[in-house]
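Asks:
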């Protein structure tokens, strides 16, 4: 286990990105920290109130070489992919889509919500695949809230969304050692977590205020600790945060748009396939997001 405690490597402020008519907070990729463990992308969609007839509209777009992890806090999102899967994501649910050699998908507010005001609050990640899994068959798995381990660590309420931690394992199928944990901590309580040896760790505050050492960490601050550092945090007020990380890969990953790969050649082939329409398409959805040029 690690020995250092709260050894901060860096703090990353979000970039505001327009996505499907709304702004999301993008924490990764970041020029000075491309990955945390196998996590290579992190978007936080803050709690947003939509008026009637507006909502999330992300048209079909492609992926290779990664798994997407969608974790919903409020609202509903309809997932539709090129393997024919259609799945409604509800609060506490997890969608895990593995692109492998190639998958495309859309994400939208379902039609039944559009007639009235509604809210959306969402976390989305990309998890890069190990080289031996980069070309695997695409797949999609939905994990309802009830299937996700929910337990106490001290006084903290913990959901183990993906990977392994505290001697437990999430049902979400992952392809390399990692952890993604949702934590709710009452004011004055302490949360402690020591990752495995050679694992990286980062955390992000959704609401509240955490104190580590003598430093106060507030919402929208994505904090990356040095390799193998333990986390010990005290809640200055009721706080909701996520902790993520895992074992980094020995090889570099290339990223272009929605593609991740150890091979630049595979990315070039995927770019051409999206241009010419030979990439797997979402059935019944001709209106795609074009390749950025």
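Residue numbers (the UniProt record's numbering): 1 to 293. The beta carbon of each residue, even a glycine, is placed where N, CA and C say it ideally should be.
When you compare the CB positions of residue 279 and residue 167, do they come within less than 8 Å of one another, or not?
Replies: Within the chain shown, residue 279 is the residue found at index 279, counting from 1. Within the chain shown, residue 167 is the residue found at index 167, counting from 1. Contact flag unset, no.
Asks: Count the other C-beta atoms from every protein chain shown that fall within 10 angstroms of the C-beta of residue 245, then say buried if there are 16 or more, exposed otherwise.
Replies: Looking up residue 245 in the chain shown gives position 245. With 16 or more Cβ atoms within 10 Å of its Cβ, residue 245 is classed as buried.
Asks: For the structure I just gave you, are there three or more beta carbon pairs, one from the segment 33-46 and one from the segment 244-261, closer than 8 Å?
Replies: Output reads yes: the segment 244-261 touches the segment 33-46.
Asks: If we count the other Cβ atoms within 10 Å of its Cβ and call it buried at 16 or more, is residue 4 buried or exposed?
Replies: Counting from 1 along the chain shown, the entry for residue 4 is found at position 4. Its Cβ having fewer than 16 others within 10 Å, residue 4 is exposed.
Asks: Ignore the nearest five residues each way along the sequence and tell me which others in residue 251's own chain have a CB closer than 6 Å to its CB.
Replies: Here the question's residue 251 lines up with position 251 in the chain shown. So the qualifying residues of the chain are 262.
Asks: Check for me: the alpha helix (DSSP H) holding residue 276 runs from which residue to which?
Replies: Reading the chain shown from its first residue, position 276 is the one you call residue 276. Start and end: 264-276.
Asks: Is the segment 177-189 touching the segment 229-238 in the sense that three or more CB pairs, one from each, lie closer than 8 Å?
Replies: Touching, per the Cβ criterion.
Asks: Which one or two residues does DSSP pair with residue 96 in a beta bridge?
Replies: To locate residue 96, count along the chain shown from 1; it is residue 96. Beta-bridge pairing links residue 96 to 69, 141.
Asks: In its own chain, which residues sit with a C-beta less than 8 Å from the C-beta of residue 216, not counting the 5 before and 5 after it?
Replies: Residue mapping note: residue 216 aligns to position 216 of the chain shown, counting from 1. These residues qualify, in order along the chain: 209, 210, 236.
Asks: Output the distance between the C-alpha atoms of residue 121 and residue 84, rounded to the nearest integer angstrom.
Replies: To locate residue 121, count along the chain shown from 1; it is residue 121. To locate residue 84, count along the chain shown from 1; it is residue 84. Computed Cα separation, rounded: 25 Å.
Asks: How should residue 124 be labelled, buried or exposed, when 16 other C-beta atoms within 10 angstroms of its C-beta is the threshold for buried?
Replies: As a working note, residue 124 is residue 124 in the chain shown. Residue 124 is buried by the Cβ-count criterion.
Asks: Inspect the beta-carbon positions of residue 15 and residue 58 and report whether they are closer than 8 Å.
Replies: Here the question's residue 15 lines up with position 15 in the chain shown. Here the question's residue 58 lines up with position 58 in the chain shown. Contact: no.
Asks: Which residues in the same chain have their Cβ closer than 7 Å to the Cβ of residue 218, if we skip the five residues on either side of it in sequence?
Replies: Locating residue 218 in the chain shown gives position 218, where the first residue counts as 1. Taken in chain order, the residues that qualify are 205, 209.
Asks: Starting from the Cα of residue 292, find the closest Cα among 271, 8, 285, 282 and give me that residue.
Replies: Position 292 of the chain shown holds residue 292. Nearest option by C-alpha distance: 271.
Asks: Using the Cα positions of residue 117 and residue 150, report the straight-line distance between them to the nearest angstrom.
Replies: Numbered from 1 along the chain shown, position 117 holds the residue referred to as residue 117. Numbered from 1 along the chain shown, position 150 holds the residue referred to as residue 150. Approximately 30 Å between the Cα atoms of the pair.
Asks: Please classify residue 10: is it buried, with 16 or more other beta-carbons within 10 angstroms of its beta-carbon, or exposed?
Replies: To locate residue 10, count along the chain shown from 1; it is residue 10. Exposed, by the Cβ-count rule.
Asks: For residue 97, collect the residues of the same chain with a Cβ closer than 6 Å to its Cβ; drop the 5 residues on either side in sequence, then sort them by chain order.
Replies: Mapped onto the chain shown, residue 97 falls at position 97. Once the five neighbours on either side are set aside, the close Cβ partners of residue 97 are 68, 140.
Asks: Short of 8 Å in beta carbon distance, which residues of its chain neighbour residue 324, apart from the five on each side in sequence? Order them along the chain.
Replies: The requested residue 324 does not occur in the structure, where the chain is confined to residues 1 to 293.
Asks: Should residue 174 be labelled buried (16 or more other beta-carbon atoms within 10 Å of its own) or exposed?
Replies: Within the chain shown, the letter at position 174 stands for residue 174. By the neighbour-count rule (16 or more Cβ atoms within 10 Å), residue 174 is buried.
Asks: On the CB-based measure, 16 or more other CB atoms within 10 Å of its CB, does residue 213 come out buried or exposed?
Replies: By 1-based counting over the chain shown, the position of residue 213 is 213. Exposed, because fewer than 16 other Cβ atoms sit within 10 Å of the Cβ of residue 213.
Asks: Run the CB neighbour count on residue 156, radius 10 Å, all protein chains shown included, and call it buried at 16 or more, exposed below.
Replies: In the chain shown, residue 156 corresponds to position 156, counting from 1. Looking at its Cβ environment, which holds 16 or more other Cβ atoms inside 10 Å, residue 156 is buried.
Asks: Helix, strand or coil for residue 4 per DSSP?
Replies: The sequence position of residue 4 within the chain shown is 4, counting from 1. Residue 4 falls in the coil class under three-state DSSP.
Asks: Using a Cβ-Cβ cut-off of 8 Å (strictly less than) and excluding sequence neighbours within five positions of residue 23, which residues of its own chain qualify?
Replies: As a position in the chain shown, residue 23 is number 23, starting the count at 1. Excluding sequence neighbours, residue 23 sits near 16, 17.
Asks: Are residue 66 and residue 153 touching if we call contact CB-CB under 8 Å?
Replies: Numbered from 1 along the chain shown, position 66 holds the residue referred to as residue 66. Numbered from 1 along the chain shown, position 153 holds the residue referred to as residue 153. No.
Asks: Can you list, in chain order, the residues of its chain whose CB lies under 8 Å from that of residue 147, leaving out five sequence neighbours each side?
Replies: The sequence position of residue 147 within the chain shown is 147, counting from 1. Correct list, in chain order: 171.
Asks: Would you check if the distance between the CB atom of residue 193 and the CB atom of residue 165 is smaller than 8 Å?
Replies: Translated into the one-based positions of the chain shown, residue 193 becomes position 193. Translated into the one-based positions of the chain shown, residue 165 becomes position 165. Cβ atoms of residue 193 and residue 165: closer than 8 Å.
Asks: Tell me which same chain residues have a C-beta within less than 6 Å of the C-beta of residue 42, skipping the five on either side of it?
Replies: Along the chain shown, read from residue 1 onward, the residue named residue 42 stands at position 42. 27, 28, 125.
Asks: Do residue 184 and residue 133 have their beta-carbon atoms positioned less than 8 Å apart in this structure?
Replies: Here residue 133 corresponds to residue number 133 of the chain shown, with the count starting at 1. Here residue 184 corresponds to residue number 184 of the chain shown, with the count starting at 1. Cβ atoms of residue 133 and residue 184: not closer than 8 Å.
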